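Chains D and B, in that order, give the protein sequences. Numbering-wise (our numbering), the first sequence opens with residue 2 and increments by one. Numbering-wise (our numbering), the second sequence opens with residue 2 and increments by one. Okay, structure first, notes after.
Number of protein chains: 2
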Amino acid sequence: MDQLEQDFLHGLKTVLGLPNPFVPLHEPEFMGNEWELVKDCLDSTFVSSVGKYVDHFEVMLAEYTGAKYVVAVVNGTAALHIALLLAGVRPGDEVLIPALSFVATANAVAHCGAIPHFIDSEFKTLGIDPHALSDYLKHCSLSSSEGLTNRFTGRRIAAVVPMHTYGHPVDMVSLLDVADRYDLTVVEDAAESLDSRYQGQHTGTFGLLGTLSFNGNKVITTGGGGAILTNDAELARQAKHWTTTAKQPHRWEFFHDAVAWNYRLPNLNAALGCAQMEQLPDFLRRKRLLAQQYEKVFKDIDGIDFVVEPPNSQSNYWLNTLRLNQPSFEMRDRLLTAANEVGYQCRPTWTLLHKLPMYADCPRAPLPIAEQLEASLINVPSSAKVALV
Amino acid sequence: MDQLEQDFLHGLKTVLGLPNPFVPLHEPEFMGNEWELVKDCLDSTFVSSVGKYVDHFEVMLAEYTGAKYVVAVVNGTAALHIALLLAGVRPGDEVLIPALSFVATANAVAHCGAIPHFIDSEFKTLGIDPHALSDYLKHCSLSSSEGLTNRFTGRRIAAVVPMHTYGHPVDMVSLLDVADRYDLTVVEDAAESLDSRYQGQHTGTFGLLGTLSFNGNKVITTGGGGAILTNDAELARQAKHWTTTAKQPHRWEFFHDAVAWNYRLPNLNAALGCAQMEQLPDFLRRKRLLAQQYEKVFKDIDGIDFVVEPPNSQSNYWLNTLRLNQPSFEMRDRLLTAANEVGYQCRPTWTLLHKLPMYADCPRAPLPIAEQLEASLINVPSSAKVALV
C-alpha cells in the first residue's frame, strides 16, 4: 500500500472513527416529527394528491429559500423537466449544461426533446465555468433577433443550466453576466444545494426558475420528491397546472386544457418532508462540523485536498469531496477500492455526460477541467450523524 | 324536483344511508398493517430508491395478477408512458385509445411524441368497442410490410390501448382478434382494474404490457404509484432499467446507457402498498356487496340503470356507475347537482378526450356510443367502507 493510500485511510478513520461495520455515503435521519406527521397523514386518509402537507411543505420551502413561489413535485428530474419547458425549451433546441453532472440534468433536457450541449467546469466551484462559457459562446454562437444560435448546428440555444455540484454554488454573478450578454435564460439545477447560498442568496433563486431534489441521499428526503422555485407568479401557476394534469377547477367536470403531467408529490411524502424541514438547521450544523473535520485532517495530507466552499458562498456540504492533486483514474480507483473494502462508502464523481453512449454525439465545448475533475474527485461519507459532535 | 331526481336521491339514501355530513366518491382505508410497515420503513431509513418493500410489492402484485413480471413505478401515467415506449411507440406514430378515458391515457401517448387516435366505446363494457374498431380500421388503415398505416394521415398506427373503465373489462377476446388481424400491439391501461378479470384472467395481462395505478382514489393506494405488467422477461428488465435512470450495476461508477427516467416508486410508498395488498380481498368483497346493493335498489327505478359487470367478466367495481336511459347533459347535471348538494359526492364521466383543446385535432373514429355515454354516466360513492355489511 502506497503512502497516499495509507494517509487517505488514516484520514477517513480520524474523521469517521472505525467503520463498524460500514459507513454509508449519505444516510437520512428521522429523529424528529417524522412518525407523528406521517401517521397523521395516514390517519387522515389523505395520502395522495389532496391534503395539507403539500401546501405546508411548499410554504416551508418558500420561507427557507426566499423563493416567492414553490411547487412541490414527484422528484428532481420532473422538476427540471417542467422548469425547462416553462423556460421555453422546445424540441430541437440546445441547452447548455455542465458535462460534470448527474445524468438527470441531461435526461431532463432530452425529455423536452432538446439536446444537451456540454460546458466545462471550474476548478474552484466544480460547477459550470462562466468565463470558459463566455469564451466558447463568442466562438460557437450567433446572436440575432431570433435569439442565440449554435453556428455549427444551426440550432437555437435556449437556456443554460448551472448545477451546484455537491452543494458548492456556481459563481452566479459571472454566470448571470454571461447569460445576460447572450440573452440566455437561466434555469438552476439546485438538486444538491438546499441551503447553499451565494452572496447570501439561496441557490435556485437566481435564475428564472430553479429546482430542488429530496431523493433519499439528499440533505432532506421525502422518499422521492422535488420542487420548482420561481419568483414569477404566472410561471408558478403554470408549474402547478402542468404538473397536475392541467385540470381546470370544477365541482365535477374533467376539463384539462393542455398536454400535461402527473408529477404531483403525494401528501404522504410531503408529510415526511415537513418533518425533515424542521430538522434541516440541525442537519446542516452537523454537516458543516463534519466538513470542518475533513478540512482539518486532510490539510496535513500530501497529494489530496478537501474541496472547500467557494469564495462568497456558503455550501451545504451535501457530499464532502476530496480532490487528488494529480488527476489519475488509477490512483482514484485504488483509493476507492481501499476505502470501500474497509467499510467507508466512497465513490468517484459521475462519468462525464458526453462519455455516455446516448449523449456522445451532443455538441460540447472543450472540457479540460471537467476531465481533470473526473479523474480526481472522491466523495467521502457525509451523513450529519457521523459528525463527532 | 322531478321524479327521476327524487328517485335518484332516494336510491342513494337507501344504499348509503344519510350523508352525515358527506359521502366521498372513493376513500382509501388504512385499517391493516399500514402504520406498522410505514414505520418499519422509516426506522430502517430506507425510504427512497433502495429497500425491500419495492421488491415485496412487485412480488405481491405478480402473484395477485398472474403477470410473470411486475415493475413498480411512480404512478400510472409513468407506467403507461414506459409501456408504450417498450411496445415500440415512436414520435409521429398514432396510438388507438378510447375517447372515453381519463386524460392520462392520451397524455402518456403524447409523452412518447405520438398522436392519440380516438376510438368509440361499447355500451356494455364502457370500454373500446372491438367491432367498431375493426370496421373503422377496414376503412381508414393500410397494411403493408412496414406495419399498419393511417391512410389519411400517412402515419404509422403503432398500438391499441384498451382501458378497463371503472373496473369493467373490455371484451378482450374480440379485441385481441382485431389486434391480431391488423398486427397491432396491445398495451392495456388497467389503471382502474386491479382484480378485474376477463374469462378468469386478470386485466393487464392480455397485452404485450399492461399498467396499473395506485393513486389515492383507486382500490388500493400507495399515495402515488403505478406498475408495469408483462410476461416478457426482456421487456421487464428494460422497464426496470428505463425507469431507474438506466444505470449499469457497478460498485461506484455512474455509467448510464440510455436516455431514461426517474420513475421509481419510493420504498416508503411501496411499504404502504404492501399493507394495502394484504387487505385487497376484503376491500373487494365489500365493494362487490356495495355494487349488489346499488344494482338491487336501482333495478326498480325508471330512467336510470346500474352498470353491471360485462358477460364473462368479473369487475372490481372500482367506481359504481349509473346510466341514464335517455342521454342528457341537462338531466345528468341536475342529478349531479342534487346529489352533491345533499352530500353524496357524484361525478360525470370524463369529458371525451377529443373535446379537450390539445387533442381536438387528433384523428378519430365516429364516436356515437362514447357521446351517448358522456351524457348519461354518473359515478356514485364507491368506498368499501360505505357498504352496509
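Where a beta carbon is used, it is the ideal one built from N, C-alpha and C, also for glycine. As the structure is a prediction and not an experimental result, all values here were calculated from the model.
(message) Please report whether the beta-carbon of residue 351(D) lies at a distance below 8 Å from any beta-carbon of chain B.
(response) Position 350 of the first sequence, counted from the start, is the residue given in the question as residue 351(D). Between residue 351(D) and chain B, the shortest Cβ-Cβ separation is below 8 Å.
(request) Please classify residue 146(D): is it buried, with 16 or more other beta-carbons within 10 angstroms of its beta-carbon, or exposed? (result) The count along the first sequence starts at 1 and reaches residue 146(D) at position 145. That one is exposed.
(request) List the residues of chain B whose Cβ lies closer than 9 Å to the Cβ of residue 28(D), in chain order. (result) For the purposes of this step, residue 28(D) is identified with residue 27 of the first sequence, where counting begins at 1. Within chain B, the residues near residue 28(D) are 46.
(request) Kindly list, in the order they appear in chain B, the residues whose Cβ is closer than 9 Å to that of residue 288(D). (result) Here residue 288(D) is taken as the residue at index 287 of the first sequence, counted from 1. Here the premise fails: no neighbours, minimum Cβ distance about 16 Å.
(message) I want to see whether chain B comes within less than 8 Å of residue 50(D), judged by CB atoms only; does it?
(response) Counting from 1 along the first sequence, the entry for residue 50(D) is found at position 49. At a cut-off of 8 Å between C-beta atoms, residue 50(D) counts as an interface residue with respect to chain B.
(request) Within the same chain, show all residues whose beta-carbon is closer than 7 Å to that of residue 78(B), passing over the 5 residues directly before and after it, in chain order. (result) What you label residue 78(B) is simply residue 77 of the second sequence in a count that begins at 1. Hits under 7 Å: 105, 108 and 109.
(request) Verify whether the separation of the beta carbon atoms of residue 217(D) and residue 16(B) is less than 8 Å. (result) The count along the first sequence starts at 1 and reaches residue 217(D) at position 216. The count along the second sequence starts at 1 and reaches residue 16(B) at position 15. In this structure, residue 217(D) lies away from residue 16(B), with their beta-carbon atoms at least 8 Å apart.
(request) Assign residue 144(B) to one of two classes, buried (16 or more other C-beta atoms within 10 Å of its C-beta) or exposed (fewer than that). (result) Locating residue 144(B) in the second sequence gives position 143, where the first residue counts as 1. The residue in question, residue 144(B), is exposed, as its Cβ has fewer than 16 Cβ neighbours within 10 Å.
(message) Counting beta carbon pairs with one atom in the region 229-248 of chain B and one in the region 216-236 of chain D, are three or more of them shorter than 8 Å?
(response) Taking a cut-off of 8 Å for Cβ pairs, the region 216-236 of chain D and the region 229-248 of chain B do not touch, as fewer than three such pairs fall below it.
(message) Determine, for residue 228(D), whether the minimum Cβ-Cβ distance to residues of chain B falls below 8 Å.
(response) Residue mapping note: residue 228(D) aligns to position 227 of the first sequence, counting from 1. At a cut-off of 8 Å between C-beta atoms, residue 228(D) does not count as an interface residue with respect to chain B.
(request) Could you check what DSSP says for residue 342(B) in three-state terms: helix, strand or coil? (result) Here residue 342(B) is taken as the residue at index 341 of the second sequence, counted from 1. Correct three-state label for residue 342(B): helix.
(message) Less than 6 Å between C-beta atoms, sequence neighbours within five positions excluded: which residues of the same chain meet that for residue 138(D)?
(response) Walking along the first sequence from the start, residue 138(D) turns up at place 137. In chain order, 183 place their CB closer than 6 Å to the CB of residue 138(D), counting only its own chain and leaving out the 5 sequence neighbours on each side.
(request) Excluding the 5 residues preceding and the 5 following residue 299(B) in the sequence, name in chain order all residues of the same chain whose CB lies nearer than 8 Å to its CB. (result) Along the second sequence, one-based indexing puts residue 299(B) at 298. The answer, listed in chain order, is 12, 305, 306, 307 and 323.
(request) For residue 191(D), collect the residues of the same chain with a Cβ closer than 7 Å to its Cβ; drop the 5 residues on either side in sequence, then sort them by chain order. (result) Residue numbering aside, residue 191(D) sits at position 190 when the first sequence is read from its first letter. The beta carbon of residue 191(D) sits closer than 7 Å to those of 165, 204, 205, 211, 212 and 213, all from its chain and outside the five residues before and after it, given in chain order.
(message) Here's a check: name, in chain order, each residue in its chain whose Cβ is nearer than 8 Å to the Cβ of residue 113(D), leaving out the five neighbours to either side.
(response) Residue 113(D) sits at position 112 when you count from the first residue of the first sequence. Cβ contact annotation for residue 113(D) (same chain, cutoff 8 Å, sequence separation greater than five): 82, 85, 86, 90, 91, 92, 94 and 96, in chain order.
(request) Taking C-beta pairs closer than 7 Å, name the residues in chain D that residue 337(B) reaches, listed in chain order. (result) Counting from one through the second sequence, the residue named residue 337(B) turns up at place 336. For residue 337(B), the chain D residues whose C-beta falls within less than 7 Å of its own C-beta are 253, listed in chain order.
(message) Just list the residues that DSSP pairs residue 277(D) with in beta bridges.
(response) As a working note, residue 277(D) is residue 276 in the first sequence. DSSP lists no partner for residue 277(D).
(request) Report yes or no: is there a C-beta of chain B within less than 8 Å of the C-beta of residue 358(D)? (result) Numbered from 1 along the first sequence, position 357 holds the residue referred to as residue 358(D). Chain B has a Cβ within less than 8 Å of the Cβ of residue 358(D).
(request) Please state whether DSSP places residue 75(B) in a helix, a strand or coil. (result) Counting from one through the second sequence, the residue named residue 75(B) turns up at place 74. Three-state result, residue 75(B): coil.
(message) At a CB distance below 9 Å, what residues from the region 265-276 of chain D approach chain B? Give them in sequence order.
(response) Close to chain B, meaning a Cβ-Cβ distance shorter than 9 Å, are the following residues of the region 265-276 of chain D: 265, 266, 267, 268, 269, 270 and 273.
(request) Would you mind sorting residue 366(D) into buried or exposed? The rule is 16 or more other CB atoms within 10 Å of its CB. (result) The residue labelled residue 366(D) in the question sits at position 365 within the first sequence. Under this definition residue 366(D) is a buried residue.
(message) Can you tell me where the alpha helix (DSSP H) holding residue 131(D) begins and where it ends?
(response) Position 130 of the first sequence, counting from 1, holds the residue named residue 131(D). From DSSP, the alpha helix (DSSP H) with residue 131(D) extends over 131-141.
(message) Under 8 Å, CB to CB, which of the residues in the region 192-216 of chain B have a partner in chain D?
(response) The region 192-216 of chain B vs chain D, Cβ under 8 Å: 216.
(request) Taking a Cβ distance cut-off of 9 Å, strictly less, list which residues of the region 51-83 of chain D are near chain B, in chain order. (result) So the close ones are 51, 52, 75, 76, 77, 78 and 79.
(request) Pull up the distance between the alpha-carbon of residue 101(B) and that of residue 380(B), whole angstroms please. (result) Sequence index remark: in the second sequence, residue 101(B) carries index 100 (1-based). Sequence index remark: in the second sequence, residue 380(B) carries index 379 (1-based). Roughly 14 Å between the two C-alpha positions.
(request) Look up residue 316(B) in the DSSP assignment and say whether it is helix, strand or coil. (result) Mapped onto the second sequence, residue 316(B) falls at position 315. Note: residue 316(B) maps to coil in three-state DSSP.
(request) Give the straight-line distance between the Cα atoms of residue 207(B) and residue 175(B), rounded to the nearest whole angstrom. (result) Walking along the second sequence from the start, residue 207(B) turns up at place 206. Walking along the second sequence from the start, residue 175(B) turns up at place 174. Rounded to the nearest angstrom, the two C-alpha atoms are 12 Å apart.
(request) Would you mind stating whether residue 9(D) and residue 374(D) have Cβ atoms separated by less than 8 Å? (result) Position 8 of the first sequence, counted from the first residue, corresponds to residue 9(D). Position 373 of the first sequence, counted from the first residue, corresponds to residue 374(D). Between residue 9(D) and residue 374(D), the gap from beta carbon to beta carbon reaches 8 Å or more.
(message) I'd like to know whether the C-beta of residue 43(D) is nearer than 8 Å to at least one C-beta of chain B.
(response) Reading the first sequence from its first residue, position 42 is the one you call residue 43(D). Contacts with chain B at 8 Å (Cβ-Cβ) include residue 43(D).
(request) Could you check the C-alpha separation between residue 69(B) and residue 119(D) for me, to the nearest Å? (result) As a working mapping, residue 69(B) is identified with position 68 in the second sequence. As a working mapping, residue 119(D) is identified with position 118 in the first sequence. Approximately 41 Å, taken between the alpha carbons.
(message) So, with DSSP's three-state summary, where would you put residue 23(B)?
(response) On the second sequence, position 22 is the one that residue 23(B) refers to. DSSP places residue 23(B) in coil when its eight states are reduced to three.
(request) Spatial neighbours of residue 173(D) within its chain, please: CB distance less than 6 Å, with the 5 preceding and 5 following residues excluded, ordered by chain position. (result) Here residue 173(D) is taken as the residue at index 172 of the first sequence, counted from 1. Its chain contains 199 and 207 as the residues whose beta carbon lies nearer than 6 Å to that of residue 173(D), once the 5 sequence neighbours on both sides are disregarded; these appear in chain order.
(request) Kindly list, in the order they appear in chain B, the residues whose Cβ is closer than 7 Å to that of residue 94(D). (result) As a working mapping, residue 94(D) is identified with position 93 in the first sequence. None at all; the shortest Cβ gap to chain B is about 15 Å.
(request) Mind listing the chain B neighbours of residue 257(D)? Cutoff is C-beta to C-beta under 7 Å, in chain order. (result) Within the first sequence, residue 257(D) is the residue found at index 256, counting from 1. Among the residues of chain B, those whose CB is under 7 Å from the CB of residue 257(D) are 104 and 357, following chain order.
(message) Quick check on residue 361(D): buried or exposed, where buried means 16 or more other Cβ atoms within 10 Å of its Cβ?
(response) One-based indexing of the first sequence puts residue 361(D) at position 360. When all chains shown are included, residue 361(D) counts as exposed.
(message) Let me check understanding here. Comparing Cα to Cα, which of 111(D), 56(D) and 261(D) lies closest to residue 262(B)?
(response) Sequence index remark: in the second sequence, residue 262(B) carries index 261 (1-based). Each of 111(D), 56(D) and 261(D) was checked against the Cα of residue 262(B), and the nearest Cα belongs to 111(D).
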